[in-house]
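Notes to accompany the following structure.
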Amino acid sequence: MLVIFHYFAVCDRIVIYHYFEGRKKIVKDFTICVLRQHGVIRESKGVDYIELVDMYLFHPRDMLMSKIFKDVAHKYGVEKKIIFCSLRGIAQTMRRKNPEWYTQAFSKGFDSYTFVKIISREVMVTYCAYLEEQEAFPCGGPEV
0 MLVIFHYFAV
10 CDRIVIYHYF
20 EGRKKIVKDF
30 TICVLRQHGV
40 IRESKGVDYI
50 ELVDMYLFHP
60 RDMLMSKIFK
70 DVAHKYGVEK
80 KIIFCSLRGI
90 AQTMRRKNPE
100 WYTQAFSKGF
110 DSYTFVKIIS
120 REVMVTYCAY
130 LEEQEAFPCG
140 GPEV
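Per numbering that gives the first Met the number 0, the very first residue in the sequence shown carries number 0; after that it's consecutive.
Printed below as a string of structure tokens:
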């Protein structure tokens, strides 16, 4: 099982839906924890940005990022550009808290699609580490 999780975390998008289907709540908690590790303390009052990560991880591999953003924007009744601007704001918070990470993650400049992919990858790596019972959560991790 560890090999499967490692493969999931390293590859860009491999969906093992049957395994994670019952664990969406847990993965959401891990997404919140990863964002907190990067300095994002408050959750959004409007669009649920965590849902972007959820959709990226749990929807078919051939689903385009633009479609994911469009679906989330439609669900919350906002335009995609509002989501892009908000993600840029979240990324700027991360940049202030961890400039080395930001520079490495966005070496070619900020991109919302890349942001969701990077956070998704970190969520899966952290989740795998949690499953291996490592001390991966300085913030205490979600209750499972």
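Backbone N, C-alpha and C fix where the C-beta goes; we use that ideal spot for every residue, glycine too.
C-alpha gap between residue i and residue j, whole angstroms
i: residue 116; j: residue 84; result: 17 Å
i: residue 15; j: residue 35; result: Its pLDDT being 44, under 50, residue 15 is placed unreliably by the model, and nothing is read from it.
i: residue 66; j: residue 86; result: 16 Å
i: residue 72; j: residue 99; result: 31 Å
i: residue 126; j: residue 26; result: 7 Å
i: residue 50; j: residue 62; result: 15 Å
i: residue 157; j: residue 41; result: Shown here, the chain extends from 0 to 143; a query on residue 157 therefore has no answer.
i: residue 114; j: residue 120; result: 10 Å
i: residue 94; j: residue 74; result: 29 Å
Check whether residue i and residue j have beta carbons under 8 Å apart
i: residue 33; j: residue 89; result: no
i: residue 79; j: residue 69; result: yes
i: residue 37; j: residue 96; result: yes
i: residue 64; j: residue 129; result: no
i: residue 122; j: residue 30; result: yes
Unbroken alpha helix (DSSP H) run spanning residue i, endpoints
i: residue 38; result: Here residue 38 belongs to no alpha helix (DSSP H), and DSSP marks it neither H nor E.
i: residue 73; result: 64-75
i: residue 85; result: 79-96
i: residue 50; result: 49-57
Integer Cβ distance of residue i from residue j, believed to fall under 8 Å
i: residue 147; j: residue 92; result: With the chain covering only 0 through 143, there is no way to say anything about residue 147.
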